[in-house]
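*Asks:* Got a structure for you, questions after.
Residue numbers (the working numbering): 1082 to 1353.
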């Protein structure tokens, strides 16, 4: 299978490198030439546009930041759909609104192309070690077709159901992570007021039943959300907004997890 990969950020770059190292003929495209530098000396090819990349690919993986980026990459004048052959597949690894994936899948279908949503979680280190989790939504046969490539950087790969369900799962994951940031930071702050050293408390909790990935991130950032805010704040605000939109459209109660996530955003000065 020939693979095209777009989105060579802190998570996408190690994903693409794992695909290259697995021996798949791989073509890359990036807006910023600097992100291609780590691939010099590898077997990866470079394309001049998303359309050119797509023209030499069977599967195109997209791992850019948001809905607008995904739409531009796929449907622009020199976008993926302008170059991908009939029977080709697009896997959206970005975290976006499920309706965005459904709308783009309709556009892709008009080109004879199948689109699945396949958001990932775990971060750059997990990608480099091949232990991301992929949450896939779409036709079972198409997910099965993509699975060997996904296995280069992910374990487990979970088929969540129809198109869009992968995005819903990822948004719920990020909602809970955001809420956990608030509870972790609040717990360390309360410990400080009760004369318990935050670093010692974090060490204890990280080995106890209260442990969480969010606690590890807060501890690594000095015990507060201040250092996390600059990078994570805008991204988490986007994801919390998306999950609220999805819940509202479905008539689902947002629950305490959403309120707690909002508190985390307020602590990071990133309230919606």
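All C-beta atoms in this analysis are idealised placements derived from N, C-alpha and C, irrespective of residue type, glycine included.
None of these values were measured; they are calculated from a predicted model.
1. Please confirm whether residue 1138 and residue 1110 have their CB atoms less than 8 Å apart.
2. Please go through the same chain and pick out, in chain order, the residues whose beta-carbon is closer than 6 Å to the beta-carbon of residue 1308, but skip the five residues on each side of it.
3. With DSSP collapsed to three states, give me the class of residue 1352.
4. Note down the Cα distance separating residue 1175 from residue 1146, rounded to an integer number of angstroms.
5. So is residue 1098 in contact with chain C if we call contact Cβ pairs under 8 Å?
6. Roughly how many angstroms lie between the CA atoms of residue 1255 and residue 1136, to the nearest whole one?
7. Roughly how many angstroms separate the alpha carbons of residue 1245 and residue 1268, rounded to a whole number?
8. In chain order, what residues of the same chain lie with their CB nearer than 8 Å to the CB of residue 1170, ignoring the 5 residues before and after it?
9. Report the rounded CA-to-CA distance for residue 1358 versus residue 1190, giving the unit in angstroms.
10. Mind checking who residue 1216 pairs with in its DSSP beta bridge?
11. Using the Cα positions of residue 1329 and residue 1320, report the straight-line distance between them to the nearest angstrom.
12. With DSSP run on the structure shown, which of helix, strand or coil describes residue 1325?
*Replies:* The answer reads as follows:
1. Not closer than 8 Å, so no.
2. Answer for residue 1308: 1302, listed in chain order.
3. Its pLDDT being 44, under 50, residue 1352 is placed unreliably in this model, and the value from its coordinates should be taken loosely. Note: residue 1352 maps to coil in three-state DSSP.
4. The straight-line gap from Cα to Cα measures roughly 6 Å.
5. No chain C is part of this structure, which consists of one protein chain only.
6. Per the coordinates, the alpha-carbon of residue 1255 lies some 34 Å from the alpha-carbon of residue 1136.
7. Whole-angstrom Cα-Cα distance: 35 Å.
8. If you ignore the 5 residues before and after residue 1170, its C-beta comes within less than 8 Å of the C-beta of 1139, 1140, 1141, 1194, 1195, 1196, 1197, 1223, 1226, 1227, all in its own chain and listed in chain order.
9. In this structure the chain extends from 1082 to 1353, so residue 1358 is not present and cannot be described.
10. Partner(s): 1239.
11. Looking at the two C-alpha atoms, the distance is approximately 14 Å.
12. DSSP places residue 1325 in helix when its eight states are reduced to three.
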